[in-house]
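Accompanying notes for the structure given below.
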Amino acid sequence: MQTHIDLAPLRNLSRWTWPEYLFWLIPLAAYFIFPENLSLLSQIAITAIFVLSLDLILGYSGIVSLGHTAFFGLGAYAAGMMAQHGWGDPLLGLAVAALVAGGLGLATSFLVLRGADLTRLMVTLGVAMMLFEAANKLSWLTGGLDGLQGIELTPIFGQFSFDFMGKTAYWYSLALLFVLFWLARRLVNSPYGLSLKGIKLNVGRMPALGASVNRRLIGIYTLSAAYAGIAGALLCQTTQFVSVDVFSFSRSAEILLILVLGGSGCLYGAVLGTMVFMTVHHFLSDLNPQYWQFWMGAALILTVLFARDGLMGLLRGLAGKFAQTRGK
Numbered sequence: 003m004q005t006h007i008d009l010a011p012l013r014n015l016s017r018w019t020w021p022e023y024l025f026w027l028i029p030l031a032a033y034f035i036f037p038e039n040l041s042l043l044s045q046i047a048i049t050a051i052f053v054l055s056l057d058l059i060l061g062y063s064g065i066v067s068l069g070h071t072a073f074f075g076l077g078a079y080a081a082g083m084m085a086q087h088g089w090g091d092p093l094l095g096l097a098v099a100a101l102v103a104g105g106l107g108l109a110t111s112f113l114v115l116r117g118a119d120l121t122r123l124m125v126t127l128g129v130a131m132m133l134f135e136a137a138n139k140l141s142w143l144t145g146g147l148d149g150l151q152g153i154e155l156t157p158i159f160g161q162f163s164f165d166f167m168g169k170t171a172y173w174y175s176l177a178l179l180f181v182l183f184w185l186a187r188r189l190v191n192s193p194y195g196l197s198l199k200g201i202k203l204n205v206g207r208m209p210a211l212g213a214s215v216n217r218r219l220i221g222i223y224t225l226s227a228a229y230a231g232i233a234g235a236l237l238c239q240t241t242q243f244v245s246v247d248v249f250s251f252s253r254s255a256e257i258l259l260i261l262v263l264g265g266s267g268c269l270y271g272a273v274l275g276t277m278v279f280m281t282v283h284h285f286l287s288d289l290n291p292q293y294w295q296f297w298m299g300a301a302l303i304l305t306v307l308f309a310r311d312g313l314m315g316l317l318r319g320l321a322g323k324f325a326q327t328r329g330k
């Protein structure tokens, strides 16, 4: 007897809605509205990819991490070393960074899956700290505290050179953000993605449904590491510099804060949180260089108190109330 499974609900989830199209008009409009801040806009796009990578494991799979910079930094150094030694093709650098970071993710995933939340925090943080010290000590290879310099890139597709104004860097970063977001969106709305949500909600019941928990978690952890490696490679390519700071704990904590601000378990929350956090960070640091962290901390506390599901949760709530009002 054959069982027919209706996949129509999944197809509906995969369809784009008009608010999503409007959302992606924002970065397009930003290019023309803020032509003098393209460097900041590029950093927002790169950081959004990094936060997306964390959202895949934390928001959708329930794997906590405080050492995601291990993959970010490894991707940055991989792309930088390739360019430093004459392999300056940007797309090749991205591919190698994704492979190297994904390989580390696969190798460490077995350690991460052996413990609970606290153990995972310690293991991921430990991996990042080890790589930080390795990058610092191997100065003959990484440049140590002085950083990796002499990075020269060839034009993208042989046509688009990285210019001083940052136009190429912005469109390059934005295009990659959109492609990686599109792939992640298809993944989380697929049967595989729904099984990850099931694992997060109740890991004990998933084997009864025939789902291999460890295999799925290893897969998403490896993919998340590859995403983080691509983000690191992008940072290297757009700034043409890499330092040991790419492995820092503060960077890991920052993307976790951004994800909480935007709303975990929602891809748009990762992007929106990055846009809001980095924009507010930029203006506060200009207005009040000494105490900007105080105001940023206050804003995050208010978000947790009054928008527990982040900015996306707040927007969903407002949209629901508006729909109810119109229905009446």
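According to this note's numbering, the sequence shown is numbered sequentially starting from 3.
Note that the Cβ used here is the ideal one computed from N, Cα and C, for glycine as well.
Counting C-beta pairs closer than 8 Å gives three or more between the segment 175–195 and the segment 48–62, which meets the contact rule.
Boundaries of the alpha helix (DSSP H) around Asp57: 40–60. If you look at Arg218, you'll find it in the alpha helix (DSSP H) that goes 215–241. Here Val66 carries a coil assignment [DSSP, helix/strand/coil]. Residue environment for Val181: exposed (fewer than 16 other C-beta atoms within 10 angstroms of its C-beta). Assignment of Ile153 by DSSP, reduced to helix, strand and coil, places it in the coil class. About 6 Å separates the CB atoms of Leu54 and Ala186; that is less than 8 Å, so the two are in contact. Where Tyr23 is concerned, the enclosing alpha helix (DSSP H) starts and stops at 20–35.
For Thr224, same chain residues with a beta-carbon under 7 Å away, outside a window of 5 residues either side, are Gly104, Gly107, Leu108, Ser111 in chain order. Relative to Trp297, the option among His284, Val248, Leu127 whose CA is nearest is His284. Under DSSP, the beta-bridge partners assigned to Ile158 are Phe162. Taking a contact as a CB-CB distance under 8 Å, the pair Ala227 and Phe52 does not count as one, their CB atoms being some 11 Å apart.
In the structure shown, Val98 falls within a helical segment according to DSSP collapsed to helix, strand and coil. Contact check for Tyr79 and Leu155: beta-carbon distance about 15 Å, past the 8 Å limit, so the pair fails to qualify.
Judged by beta-carbon spacing, Gly75 lies within the 7 Å limit of Phe249, meaning their Cβ atoms are closer than that value. The beta carbons of Leu176 and Pro29 sit closer together than 7 Å. A Cβ-Cβ contact shorter than 7 Å links Val246 with Asn138. The three-state secondary structure of Val244, taken from DSSP, is strand.
Rounded to whole angstroms, Asp119 and Ala85 show a C-alpha spacing of 38 Å. The criterion of a C-beta distance shorter than 7 Å is not satisfied by Leu68 and Thr121. Annotated as distal: Ala72 and Val114, with beta-carbon spacing of 7 Å or more. The beta carbons of Leu313 and Leu274 sit about 6 Å from each other, so the pair counts as a contact at 8 Å. The C-beta distance from Ala31 to Leu43 rounds to 11 Å, too long to meet the 8 Å contact threshold. Scanning Leu317, Pro21, Trp26 for the CA closest to the CA of Phe183 turns up Trp26.
Looking from the CA of Leu179, the closest CA among Thr305, Leu286, Gln295, Met277 belongs to Met277. Scanning Leu40, Phe134, Asp91 for the CA closest to the CA of Gln239 turns up Asp91. Across the structure, Gly82 and Gly146 are spaced so that their CA atoms are roughly 14 Å apart.
A straight line joining the alpha-carbon of Leu94 with that of Ile257 spans about 26 Å. Per DSSP, reduced to three states, the secondary structure at Val205 is coil, with no helix or strand assignment. Each of Phe243, Val102, Arg218, Ala136 was checked against the Cα of Ile153, and the nearest Cα belongs to Phe243. The continuous alpha helix (DSSP H) containing Ser254 extends over residues 251–264. With fewer than 16 other Cβ atoms from the protein chains shown falling within 10 Å of its own Cβ, Ala300 counts as exposed.
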